[in-house]
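*Asks:*
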Amino acid sequence: MISSNEHNYSKMNSMLNRLCFHIIPQIQHNIQSLTLDPWSMTSVLTIGNYPTLHKLTLVNLKLEMASRIFLSDSPFVHMFKHKISDLVKILSNLKYFSLTSFCITLEYDNQIVPLLRQMSQLEKLTLSLYVRERTSFIDGTHLDNDIISKMPLLHTFIFDIVTEHVIINKEYLPTSDDVRRALFQRGYNIDCYIDYLWTEKGRCHIYSLPFTMESINVITNKFFPNGVFMNVRKLYVHDPMRSIEYDFFVRISQAFPLLEELTVFSMVNQKKQPNNLDVHEQTFSIIEYSHLMKLHLFMSHVDYAKYFLLNTNTRLPRLSTLSIDYENLVNVTEDFTSNAVRANCVNLKNIIFRKQPAMLGKFFFSYFPFVVNINIKSF
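Count along the sequence shown from 1, then add 300; that gives the number in my numbering.
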């Protein structure tokens, strides 16, 4: 295996050069198997002929690179065209395929759709994608015309797809019914929501039901769940333009009862504080996240730290990892003296800050007696 997992890059490059110019030319006729990562792939593959190579494994490929490699007109395919004819045959006969990426991609139409079109014999397809900069939403009509109709044997299609930063035609703003209609007519059980956050761009999140994945793509507070997501363990909530209010977190606690990891990212302060809830809201005023072990509040307004950590608002009996800005932690704990916060932090073992505090508070370690790791994670 040839990989770039070392930290000394000058030494690493020296080793790669020695391998390519001195070792491979002498043994290339005997090489039957190679495992390469993106760092070494081009150098190693272009330096030799490898007449007996029968197995090539590529590791640590990012989504866009993987899809580019396997397009029919790519340099990689051209280089090994006579050797990877079996791969093309395997793709055409593939029955099950899953593609999951929570990283943003700009190459959905140029790379991912052409890759999927090579899989005409698929029976089960799973897609989880976060797509940006399209001219339209990925909606039911697109999924039907460009994917489902190209796979006549497909009987199971599981998907969770976000399209955002889509330029909006103000004369025609698609509704959720517009997005769902084509797949409803095909008999699919799906849901979606549309968010017009900006004056010129929109966001659409469409997903199949029942939801079987352990993670769901980033949601905003336009998310109104239909049913219970029993499989979801990890959730990311991001709303850059609006506050995330109490009623939204009620919906989240009910829709994701087995949630283990939650990230909240909003710099907008909450409009309604817990002590200002109406009569109906007070009925559900204390929310319990029974299984939540990791809570990430980086780059969020201090209101969200108060909301989650005060036991008058929320119960977190299993919380063991907290990511938070140090200043917000000092604020919400009242300089590590508040008993109302202590109850939710009693089991904390890991605390993560965005930057190193100049000095930890006097009562920090007595307030968090079981913390064994304090880490810094910069962005």
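The beta carbon of each residue, even a glycine, is placed where N, CA and C say it ideally should be.
Since serine 340 and leucine 316 should fall inside the 8 Å C-beta cutoff, what is the C-beta to C-beta distance between them, to a whole number of angstroms?
*Replies:* Indeed, because the Cβ distance is near 6 Å, the residues count as touching under 8 Å.
*Asks:* For a test of the three-state rule: what should DSSP assign to glycine 440, helix, strand or coil?
*Replies:* In this structure, glycine 440 counts as helix in the three-state DSSP scheme.
*Asks:* Please work out which residues of its chain come closer than 6 Å, Cβ to Cβ, to phenylalanine 457, disregarding the five sequence neighbours upstream and downstream, and give them in chain order.
*Replies:* Result list for phenylalanine 457: Leu425, in chain order.
*Asks:* Write down every uninterrupted run of the beta strand (DSSP E) in the region 504–549 whose length is 3 residues or greater and which is fully enclosed by it, in chain order.
*Replies:* DSSP runs (the beta strand (DSSP E)) wholly in the region 504–549: 534–538.
*Asks:* How many angstroms separate the CA atom of phenylalanine 608 from the CA atom of glutamine 421?
*Replies:* Cα-Cα distance, rounded: 48 Å.
*Asks:* Could you pull the start and end residues of the alpha helix (DSSP H) that valine 431 belongs to?
*Replies:* Looking at the DSSP string, valine 431 is not in any alpha helix (DSSP H); the run it does join, the beta strand (DSSP E), is 424–432.
*Asks:* Just confirm the distance between the C-beta atoms of arginine 654 and phenylalanine 565, as a whole number of angstroms; I'd bet it's less than 8 Å.
*Replies:* Incorrect: roughly 12 Å between the Cβ atoms, too far for contact.
*Asks:* Taking C-alpha atoms, which residue in Asn639, Val641, Ile651 lies nearest to serine 620?
*Replies:* Checked all of Asn639, Val641, Ile651; the closest Cα to serine 620 is Ile651.
*Asks:* How far does the alpha helix (DSSP H) with leucine 416 in it extend, from its first residue to its last?
*Replies:* Note, leucine 416: alpha helix (DSSP H), 413–416.
*Asks:* Drop a sphere of 10 angstroms on the beta-carbon of histidine 354, count the other beta-carbons inside from all chains shown, and report buried for 16 or more, exposed for fewer.
*Replies:* Exposed, because fewer than 16 other Cβ atoms sit within 10 Å of the Cβ of histidine 354.
*Asks:* So aspartate 439 and proline 474 are supposed to be a Cβ contact under 8 Å. How far apart are they, rounded?
*Replies:* Yes, aspartate 439 and proline 474 are in contact; Cβ-Cβ is about 7 Å, under 8 Å.
*Asks:* Judging by CA-CA distance, which residue of Leu622, Thr612, Ser678 is the nearest neighbour of asparagine 280?
*Replies:* Any question about residue 280 goes unanswered here, given that the chain covers just 301 to 679.
*Asks:* Using CA atoms only, rank isn't needed, just tell me which of Gln485, Val602, Gln656 is closest to methionine 567.
*Replies:* Minimum Cα distance to methionine 567 is reached at Val602.
*Asks:* Taking a contact to mean a Cβ-Cβ separation below 7 Å, would you say methionine 593 touches glutamate 560 in this structure?
*Replies:* Closer than 7 Å, so yes.
*Asks:* In terms of residues, what are the limits of the beta strand (DSSP E) holding aspartate 491?
*Replies:* Start and end: 490–495.
*Asks:* Between which residues of its own chain and serine 678 is the CB-CB distance below 8 Å, once the five residues before and five after are set aside?
*Replies:* Closer than 8 Å at the Cβ level, and outside the excluded window around serine 678, lie Arg654, Lys655.
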